[in-house]
Amino acid sequence: MRAFAEYMRCEWQAALRHPSSLLLSYLFPIGFFFVVGGIMPQLNPAFRGFMVPTFAVFALLAGGVLGLPTPHVEQRAAGVLRAFRVVGVPDSHVIAVPALSAVLHILFAATVISVLAVLIYRGDAPVHWLRYAAVLALAAFAFTGLGSLIGVVSASSRATTLWSQLIFLPSTLVGGLMIPLSALPPGVRPASALLPSTHIMQLFDVIAYGRPALIDPWWSALSLLACGAIAFALSAALYSTEQRDLTGRRGLWVLAAFVPFAATALFATSA
Amino acid sequence: MQPILEVKGLCKQYGGRAVLDDVGLQVAAGQIVALLGPNGAGKTMALECVEGLRTPDRGNVQFLGRPIRSGRVPAEMGVQLQLAGLPGTMTVAEALRFVSAYRGARPKPELLQRFELAELRDRQYRELSVGQQRRLQLALAIAHQPQLVILDEPTAGLDVATRSELHAMLRQVRTAGTAIVLATHDMAEAELLADRCTILLGGRVRAEGTPRELTAQGDIRTRITVSTVHGRIVADPTLIAATVQNVDDGYAVYLSTDAAASVRALLDHIADRHDALVDLRVERPTLEERFLELTQQEAA
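Here the protein sequences line up with chains A and B, keeping their order.
With the numbering used here applied, the first sequence covers 1 to 271.
With the numbering used here applied, the second sequence covers 1 to 300.
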């Protein structure tokens, strides 16, 4: 327990000292919040209705999917993970501790941004703040799971960027962040339903704001939970395999974490 | 002396090629054993099998009378890997606390003092020089007072002064009772520090013994360099049981298989000629010369 706590303390501080972690966990989402929050309500007044969860999900996405994988790949390249193994750090800690630290950082950033969005830009406040916090936590679990899996399967920083952007860009464009699912062209909606951000925004609508949703909230919640669980389980299994020198082409394992969303898109989307 | 580490018949194939072939090694308490070999000789692979990081195809590794469990470095063993670091943002003090926690030991700040790292305790790993990083890695490898510490190329890439500092620290570690297995390319380092040496070539042990035993083997002869007042010494090399290597600047250099007899004959020869000795040096073959000889034999 002392060892886990010590690792956790180091990871927490590393995220504040490492320039790219600091940028992606705090500076990038906060900068995005101030710039887009100042512009979007003037272009689209309806944006105030969903700006609070949009900025929060953007912060979770940036810190979890873009920020979490890079240090893992860098540490592997620098021999840090081998040194950890020699010291006796269990494989489970190598996966769990950075993810847990990232969850705390991105939840903190997302909470601050959510409150600021209400206070500064008069975004619609959630009706149920506690339920809002519960969806935030679920989203953080799914995104850090994906970030963790990308870090483990990526052979290089270039591969990390590729996988992260493959999730990040569609999520910001058609994942319900800038345009609600209901406003998307019908042809785009099935693709949108494959993205975790779409389900998170749908859950915020139903659970925190009491609005109707196009996707059954239970399916969305289960998909996010399953995505995070599959991603973390695969991260742990593939990392242990890597330590036994059984590495191979593993990048496509990332797609396994999207199976729950595919199932939901097939069976539970009324859109 | 009872060995604390005993390796027998270690074999490992990698990519269809035998990387280790019947490798054996013994280390007694408080001993420094050097594992020597060129790149690709199998040193790192052998060490990783000993550390439990790799599973050998065949063979037996016993540490403190117990077999090594694959995937777990024993608690009584400290390891400094060749290509390993720490997170760049971790400070020296944090690294000590972190490693001590996972090794189940109390962090000892005096260790930083001993390795001249106390003033750097708040500096991040990425801000340390290469020499300071190596000192920290060594300090961390022994933070839990292991009975054996395995060091893979600990002085590679260091300047002469830093290497010398690290050598002194390794002697301190040995004096404290910890045995050391040292993989190195540096023959002078092995000759200076090691009680015993094992030379690995092509995954096989080609020679084993103390540095003195190893240099006494082979065809390389002792070099005797002599200078006299009148410089009349190269009369009859057969008389002194040596061959003349060269004569230059008033110095004659002989190569002898029996240094003691040759020096005696040489001194008699100088006295007979009513000459007087100015300088006399007797140099045994170095470990590097012996190593090169073995490498050439292997290549042939």
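A virtual CB, placed ideally from N, CA and C, is assigned to each residue, including glycine.
Just so it is clear, the structure is predicted and the values come from calculations on it, not from any experiment.
CB of residue i within 8 Å of CB of residue j, strictly
i, j, result
"Val274 of chain A", "Leu203 of chain A", "Only positions 1 to 271 of chain A appear in the structure, and residue 274 of chain A is not among them; the question remains open."
"Ser114 of chain A", "Ser235 of chain A", "no"
"Val73 of chain B", "Gly52 of chain B", "yes"
"Met187 of chain B", "Arg135 of chain B", "no"
"Val282 of chain B", "Val253 of chain B", "no"
"Leu61 of chain A", "Ser220 of chain A", "no"
"Gln147 of chain B", "Ala179 of chain B", "yes"
"Asp22 of chain B", "Gly9 of chain B", "yes"
"Gly78 of chain B", "Val149 of chain B", "yes"
"Leu151 of chain B", "His167 of chain B", "no"
"Leu177 of chain A", "Met201 of chain A", "yes"
"Arg82 of chain A", "Ala84 of chain B", "yes"
"Val7 of chain B", "Gly42 of chain B", "no"
Under 7 Å from the C-beta of residue i: neighbouring residues of chain B
i, result
"Glu6 of chain A", "Arg97, Phe98 and Ala101"
"Ala99 of chain A", "Result: empty, since nearest Cβ-Cβ is about 16 Å, beyond 7 Å."
"Gln75 of chain A", "Pro87"
"Gly79 of chain A", "Leu81, Leu83, Ala84 and Gly85"
"Ala3 of chain A", "Ala101 and Tyr102"
Per-residue DSSP class, three states only, for residue i
i, result
"Glu116 of chain B", "coil"
"Ala271 of chain A", "Annotation note: pLDDT 47 at Ala271 of chain A (below 50); position unreliable, coordinate value reported separately. Three-state result, Ala271 of chain A: coil."
"Ile215 of chain A", "strand"
"Val86 of chain A", "helix"
"Gly293 of chain B", "The residue you asked about is not Gly; residue 293 of chain B is Glu in the sequence shown. Note: Glu293 of chain B maps to helix in three-state DSSP."
"Ala142 of chain A", "helix"
"Tyr132 of chain A", "helix"
"Leu246 of chain A", "In this prediction, Leu246 of chain A scores a pLDDT of 48, lower than 50, which makes its location untrustworthy; the coordinate-derived value is nonetheless stated afterwards. Coil."
"Asp22 of chain B", "strand"
"Met90 of chain B", "coil"
"Asp91 of chain A", "helix"
"Lys12 of chain B", "strand"
"Ser223 of chain A", "helix"
"Glu6 of chain B", "strand"
"Phe63 of chain B", "strand"
"Arg58 of chain B", "strand"
"Leu201 of chain B", "strand"
"Gln124 of chain B", "strand"
"Asp272 of chain B", "helix"
Alpha-carbon spacing of residue i relative to residue j, whole angstroms
i, j, result
"Gly228 of chain A", "Ala109 of chain A", "20 Å"
"Arg97 of chain B", "Val127 of chain A", "45 Å"
"Pro98 of chain A", "Tyr209 of chain A", "32 Å"
"Val33 of chain B", "Glu208 of chain B", "10 Å"
"Tyr26 of chain A", "Ala14 of chain A", "13 Å"
"Leu294 of chain B", "Val80 of chain A", "36 Å"
"Ala140 of chain A", "Leu107 of chain A", "7 Å"
"Leu120 of chain B", "Thr155 of chain B", "20 Å"
"Trp12 of chain A", "Ala3 of chain A", "14 Å"
"Phe84 of chain A", "Gln80 of chain B", "11 Å"
"Ala105 of chain A", "Ala46 of chain B", "It is worth fixing the name first, because residue 105 of chain A is His in this sequence and not Ala. If you take the alpha carbons of His105 of chain A and Ala46 of chain B, they lie about 42 Å apart."
"Thr286 of chain B", "Thr198 of chain B", "15 Å"
"Leu112 of chain B", "Arg163 of chain B", "18 Å"
"Leu195 of chain A", "Pro41 of chain A", "25 Å"
"Val254 of chain A", "Gly24 of chain B", "44 Å"
"Leu66 of chain A", "Arg54 of chain B", "33 Å"
"Gln82 of chain B", "Ile4 of chain B", "23 Å"
"Cys49 of chain B", "Asp57 of chain B", "10 Å"
"Glu298 of chain B", "Met8 of chain A", "51 Å"
"Ile179 of chain A", "Leu173 of chain A", "8 Å"
"Tyr102 of chain B", "Leu22 of chain A", "27 Å"
"Asp258 of chain B", "Ala183 of chain B", "32 Å"
"Asn39 of chain B", "Glu288 of chain B", "15 Å"
"Pro260 of chain A", "Ala75 of chain B", "42 Å"
"Leu267 of chain B", "Leu200 of chain B", "40 Å"
Under 9 Å by beta carbon: chain A residues contacting residue i
i, result
"Val73 of chain B", "Arg85, Val86, Val87 and Gly88"
"Glu51 of chain B", "Val86"
Interface partners of residue i on chain B, CB under 8 Å
i, result
"His18 of chain A", "Gly88 and Thr89"
"Ala102 of chain A", "Result: empty, since nearest Cβ-Cβ is about 14 Å, beyond 8 Å."
"Ala226 of chain A", "In chain order: nothing, as chain B lies at least about 30 Å away."
"Ala14 of chain A", "Pro87, Thr89 and Met90"
Anticipated Cβ contact below 8 Å, residue i with residue j, distance rounded
i, j, result
"Thr198 of chain A", "Leu224 of chain A", "About 10 Å; that fails the 8 Å criterion."
"Arg17 of chain A", "Thr89 of chain B", "4 Å"
"Ile220 of chain B", "Ser256 of chain B", "With a Cβ gap of about 11 Å, Ile220 of chain B and Ser256 of chain B do not count as contacting."
"Phe50 of chain A", "Phe33 of chain A", "No, Phe50 of chain A and Phe33 of chain A are not in contact; Cβ-Cβ is about 14 Å, not under 8 Å."
"Leu86 of chain B", "Val130 of chain B", "Their Cβ separation, rounded to whole angstroms, is 13 Å, which puts Leu86 of chain B and Val130 of chain B out of contact at 8 Å."
"Val99 of chain B", "Val87 of chain A", "5 Å"
Beta-carbon neighbours of residue i, restricted to chain A and to distances below 7 Å
i, result
"Glu94 of chain B", "Cys10"
Closer than 9 Å at the beta carbon, the chain B residues around residue i
i, result
"Ala155 of chain A", "Residues of chain B passing the Cβ test: none, with the nearest at roughly 17 Å."
To be precise: take each residue of the stretch 36–67 of chain A, compare its Cβ to all Cβ atoms of chain C, and keep it if any distance is under 7 Å. Which residues remain? Of the protein chains in this structure, namely A and B, none is chain C.
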